[in-house]
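Engineer: What follows is a single structure, and I will ask about it in a moment.
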Amino acid sequence: MEQPTESSPGEGSEIILDDSRFDVSRKVLLTDGFMTWFIKFGGVMVVAAVIGIFVFITSQVLPLFKGASVELDAATTTTEALPKGNYLGIAADEWMEKPLAIRDDGKFIYSDLVTGEVLESEFDFLEGDKMTALRIESGEDLIVAGTESGQVHLIEFSYSPTFKDGVRTVNEDLNLAFTGEFNGPVTKVSCGQSGDSRLIAVLTETEEGPHLELDLVQRKKSLISAGDWKEVGKTDLTETLRSDVAVQEILVTNRADAVLVVFENGEIDYHFRSGSGLNTELRQTFQPFADLNEKKIKNADFLLGDVSLVLTSPEGVNRLFSLYRSEEEPTRMFHQTKEFPALPDTPAFYSPSFRNKAFLTGTSNTATLRYATTETIRWESELPWEVTHALISRKSDSLLFLTEDRHFVRVPVDDPHPEAGIKAFFGKQLYEGSSEAKYEWQSTGGSDDFEAKLSLIPLIFGTLKGTFYAMLFAVPIALFGAIYTAEFLDPKNKVFIKPAMEVMASLPSVVLGFLAALWLAPMIEDRVPSVLCIVVLVPLGAFLFGMLWSRQPRNIKKYVREGYEFLYFAPIMLILLFLGWQMGPLVESLIFTVKDPNTGERVGDFARWWPSITGTAYEQRNSLVVGFMMGFAVIPIVFTIAEDSLSNVPDTLRTGSLALGASRWQTAWRIVLPTASAGILSAIMIGLGRAVGETMIVVMATGNTPIMEWNIFSGMRTLSANIAVELPEAPHHGTLYRTLFLGAVVLFLMTFLVNTIAEVLRQHLREKYKTV
Amino acid sequence: MTNTTAENTTEEAVETAPTTPEGAKLDYIKVEDFSFNYTPEVRVLDKITMDIPEKQVTSFIGPSGCGKTTLLRNFNRMNDLIPGITHEGTIHIDGQEIFDKKLEVISLRKRIRMIFQKANPFPKSIYENVVYSLRVAGRNNKALLDEVVETSLRGAALWDEVKDRLHDSALGLSGGQMQRLSIAHAIANQPEVLLMDEPCSALDPIATAKIEELICKLKNKFTVIIVTHNMQQATRVSDQTAYFYLGKMIEMNATQEIFRNPSCEETERYISGKFG
């Protein structure tokens, strides 16, 4: 204590020189410790949140790419075998609790998979007759049976559940709806229903040979009951049969508009019924396996919707034929659309799904679940039983097999997203009814047999299109604006302009979208020539004016203070804007003329001229509107960041360049711009990110049509808008729901990719143009 | 002052004196009653009157803040970039009033080149740095540019060091090389006057010696004005020396005269290191 007092004579103060001057207060230490941990915690939480989002999105998306899971180990089987005999067909209830098997003697035998019991129904429609033909139209809950005496019976089967103490009991019911009379023993039958009429196709064996007849029956509904089925008329198609080839199978579509006759030589006749009467025409004869040695068809049946035909040859070759109209044909015909891997052996069973385009087929000891649209095998396995019949449940949640030893086996299936897959999302797909493979997005439709078209390509395309037009408009304006503000404008004015632009950036995009959809789009709709005039006039005027101005001698220029030129420039631009707008109709009537169909005179009409010249559509809500409005949203961001990076270029470079005799423009263009290029690239990329992810403007102003063309006068649908538009319609954990999440992943990957490339470029530019 | 410096000074004085061409104007740059304000309250130059001779090296010395750099920057109107400046009086260079409204400032800067305290090469290659002033003048002839690069770099005594890497970034050069590169691109377009604002203040003695040697050669072709804080440098390189203090020019004379026999007391106090 004494020494310091001596060493600093005259200033000795015991209080100041107290040892406590080296102390650090507890408060400082505590705050420092707390803040260190708080910041660490915050940082970790941010990283955790981001990872959490990824984990969640991935968990939502991954199930889309899984195959079907069929648990053979979890099979439920009947303890009791069915009575001995030859079983021709099976049907089942919605829950697959009480499957029905039909024996060749016309007996209906139910098995209860809950109790394991077997019950023979007392239902008897034959009354001594002998059953000679049977077809089960599962989709219509209908059994069609033909007899030796020439009778055809339509038997409706139904199930009704009753609940007692929360336990479900399924009660079966059979009802003979109609009996028709034909000449000779019936050998093949089939039936299709359309509203209140049914079309029955019947093949009978008479002394003169086989007879093919169509029988139309109708039901008159009354107020109290559904009414009885009454025969309306018959028509004879015997002429179309081959004399030397026997008929193997008859199929009637469930819209009752077509009859397919499958012959034993592998040919198929396609008869089309037009209208509600009995007029039919033979539209097409085709041989699906014409290119193979074995041309025979072993199995032919429809997929859900009865537009596609699944055909299997005796050797197991599995093909899909669909109805569509090709360019050279006047009507829809069957064409091969898909080919599946062949079955290992002769097919033993076939069952279409009731929900989607899946089907179950297989040999006696293997089974495979296939999805028609994506041409994929969802599941494939050897079976521990010999199988004669199989059925997919109505809810597609289980498979039912009838084994060789007459036991029913029910196997649970889990295949929630059969229509999904890499190919469905990113590849060209040939959809049912379409003549060529294409990228298509159409997630919902009006009917049950509608298949969702889930290609993300049109959406990715739409995103790129919207971004392209927005950037085309925004980048030049924002960058030149930034250069002007940073390099030429008087700093006093910059103080106002910069914050004004930043306020513009915070405009809610829903406001911009609203303006675009309800103000800009209708205004531009019939003034496109005006917009074109402005696009040409304003930049041209700017160049001319700038050139004239720079050519003026100094004694004229001296009247305008440097940095205030815009005061003279702005009114000229406004006048040009006005002129361009007014010139539009004149230009339209001179250049964009079309022939008026009513008067025959040529009138100016851009909306009709554009489609007549380019063959593409002209829509009110088009890319021009979106590009303009989204550009408006992007400009402030690009402007602000670019202006900052330009202003951050050291002044020494600027003075250095000016001192070497460069003009201000040369300095800006050759020195400042390259030096700031890294920052400008960032600005453009952030603007790009904004445009890619922008939702409200595109939802409101694009029309949301998922089309794939660059046409500036048509709309688009972007990934982000798609999520916004469809999420309310997507059932939780459904395919669409997960596909929308996949859209989000794709959107993320797109921005990630763009940002990564931009960052690499930016680092490179930064290295190249770093200043000393 | 050591013996060696004194010898050097005399040697160079002997060497350089005859090289001044006959008929060189003694009032090539004529400053008359020139005052300069950054803001109305801050006057940095107060009624300067001086004549700067052609094809000689004139050095401006004086303590920090005395206005010597401001005056230098006025010669090619670099101060124009600063908002709020005002000035009175005139500066004529070769008979041309530089504040004339009709005068194109860019062409003025092409005649009167400035080299800054700290070299700031552009983020371009050495080659592009040297030819920058030609390129902005719209002269893009490859053969011409190649020739100018070589003569300028030779003129700036840099050619041998960089001839193998002309297309490398100029940012990879050392501090001394960068400063000589600045000189090279300043002389590339053959200006008339070179203004140097403390060109060696950031350099080590070896680099400084090279630059000084270069300055002595440059005065054969150009009128050089150098602002320096280094009194020895002023004696080594300059023919004329002007001493500034608090915005006024106190004294201007031949360098040997001003260092041996200053006429003002303040000058003597400054050059002998009593303050500064």
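The listed protein sequences correspond, in order, to chains A and B. Be aware that the first sequence starts at 0, since it is given in numbering that gives the first Met the number 0, and climbs by one per residue. Be aware that the second sequence starts at 0, since it is given in numbering that gives the first Met the number 0, and climbs by one per residue. Note that the Cβ used here is the ideal one computed from N, Cα and C, for glycine as well. Since the model is a prediction, treat every value here as computed from it, not as a measurement.
(1) For Lys394/A and Ile711/A, I'd like the C-alpha separation in whole angstroms.
(2) Using only CA atoms, which one of Trp384/A, Val386/A and Tyr370/A lies nearest to Pro415/A?
(3) Against Ile670/A, what residues of chain B qualify as contacts under a CB-to-CB distance less than 7 Å, listed in chain order?
(4) Please state the DSSP three-state secondary structure of Glu328/A.
(5) Given this structure, state the Cα-to-Cα distance separating Ser350/A from Pro383/A, to the nearest angstrom.
(6) Within 10 angstroms of the Cβ of Thr85/B, are there 16 or more other Cβ atoms? Answer buried if so, exposed if not.
(7) At what residues does the beta strand (DSSP E) containing Val593/A begin and finish?
(8) Taking the alpha-carbon of Pro698/A as reference, which of Tyr438/A, Leu87/A and Ala515/A has the nearest alpha-carbon?
(9) Suppose the cutoff is 8 Å on Cβ atoms and the five residues either side in sequence are ignored; what does the same chain contact list for Pro81/B look like?
(10) Does Phe115/B get closer than 8 Å to chain A when you measure Cβ to Cβ?
(11) Going by the CB atoms, is the gap between Gly702/A and Gly714/A shorter than 8 Å?
(12) Any beta carbon of chain A sitting closer than 8 Å to that of Val129/B?
(13) Work out the CA separation of Ile722/A and Ile696/A for me, nearest whole Å.
(14) Is His372/A close to chain B? Criterion is C-beta to C-beta, closer than 8 Å.
(15) Please confirm whether Ala183/B has its beta-carbon closer than 8 Å to some beta-carbon of chain A.
(16) In this structure, how does DSSP classify Met707/A when only helix, strand and coil are distinguished?
(17) As an exercise, report each continuous beta strand (DSSP E) stretch of at least 3 residues that is fully enclosed by the region 335-418 of chain A, in chain order.
(18) If you check the beta carbons only, do Met374/A and Glu418/A fall under 8 Å apart?
(19) Step through the CB atoms of chain B and report whether any lies within less than 8 Å of the CB of Thr4/A.
(20) Of all the CB atoms in chain B, is at least one closer than 8 Å to the CB of Tyr736/A?
(21) Is the region 176-184 of chain A close to the region 143-156 of chain A, with three or more CB pairs under 8 Å?
(22) For Val117/A, which three-state DSSP category applies?
(23) Using a C-beta to C-beta distance shorter than 9 Å, which residues of chain B count as neighbours of Leu680/A?
(24) Looking at chain A, is there any beta carbon in it that lies within less than 8 Å of the beta carbon of Met0/B?
(25) Between which two residues does the beta strand (DSSP E) holding His210/A run?
(26) Which of the three DSSP states, helix, strand or coil, is assigned to Gln619/A?
(27) Within the chosen definition, does the region 110-121 of chain A reach the region 89-101 of chain A through at least 3 CB pairs nearer than 8 Å?
(28) With a floor of 4 residues, list each alpha helix (DSSP H) that falls wholly inside the region 219-296 of chain A, ordered by position along the chain.
(29) With distance defined between alpha-carbon atoms, name the residue in Asp238/B, Ile214/B, Ile114/B and Glu127/B nearest to Leu170/B.
(30) Output yes if chain B places a C-beta closer than 8 Å to the C-beta of Tyr558/A; else output no.
(31) To the nearest angstrom, how far is it from the Cα of Asn292/A to the Cα of Asp300/A?
(32) Considering Cα atoms alone, identify which of Ile205/B, Leu245/B and Ile182/B is closest to Lys218/B.
(33) Among the residues of its own chain, which have a CB less than 8 Å from the CB of Cys199/B, if the five just before and after it don't count?
(34) Using only CA atoms, which one of His334/A, Pro313/A and Arg324/A lies nearest to Ser363/A?
(35) Going by the DSSP bridge assignment, what does Asp50/B pair with across the sheet?
(36) Suppose the cutoff is 8 Å on Cβ atoms and the five residues either side in sequence are ignored; what does the same chain contact list for Ser325/A look like?
Structural biologist: Looking at the coordinates:
(1) 45 Å
(2) Tyr370/A
(3) Phe121
(4) coil
(5) 19 Å
(6) exposed
(7) Thr592 to Lys594
(8) The residue asked about is misnamed: residue 698/A is Val in this sequence, not Pro. Nearest C-alpha to Val698/A: Ala515/A.
(9) Before going on, a small fix: residue 81/B reads as Ile here, not Pro. The residues are Tyr37.
(10) yes
(11) yes
(12) no
(13) 14 Å
(14) Here residue 372/A turns out to be Thr, not His, going by the sequence shown. Not closer than 8 Å to any Cβ of chain B, the Cβ of Thr372/A fails to qualify, so no.
(15) no
(16) coil
(17) 348-351, 357-361, 365-370, 375-381, 386-391, 397-402 and 407-413
(18) Before going on, a small fix: residue 374/A reads as Glu here, not Met. No, Cβ-Cβ distance for Glu374/A and Glu418/A is not below 8 Å.
(19) Residue placement at Thr4/A is poorly supported in this model, since its pLDDT is 44, which falls under 50; the coordinates are not used for a value here.
(20) no
(21) yes
(22) strand
(23) Neighbours of Leu680/A on chain B: none; closest Cβ ~15 Å, over 9 Å.
(24) The pLDDT assigned to Met0/B is 37, lower than 50, so where the model puts this residue is not dependable; a value taken from the coordinates is nonetheless given after this. By this cut-off, Met0/B is not an interface position.
(25) Gly208 to Arg218
(26) coil
(27) yes
(28) none
(29) Glu127/B
(30) no
(31) 22 Å
(32) Ile182/B
(33) Gln178, Ala206, Thr207, Ile210, Glu211, Thr227, Asn229 and Gln232
(34) Pro313/A
(35) Lys29/B
(36) Met332, His334 and Ser434
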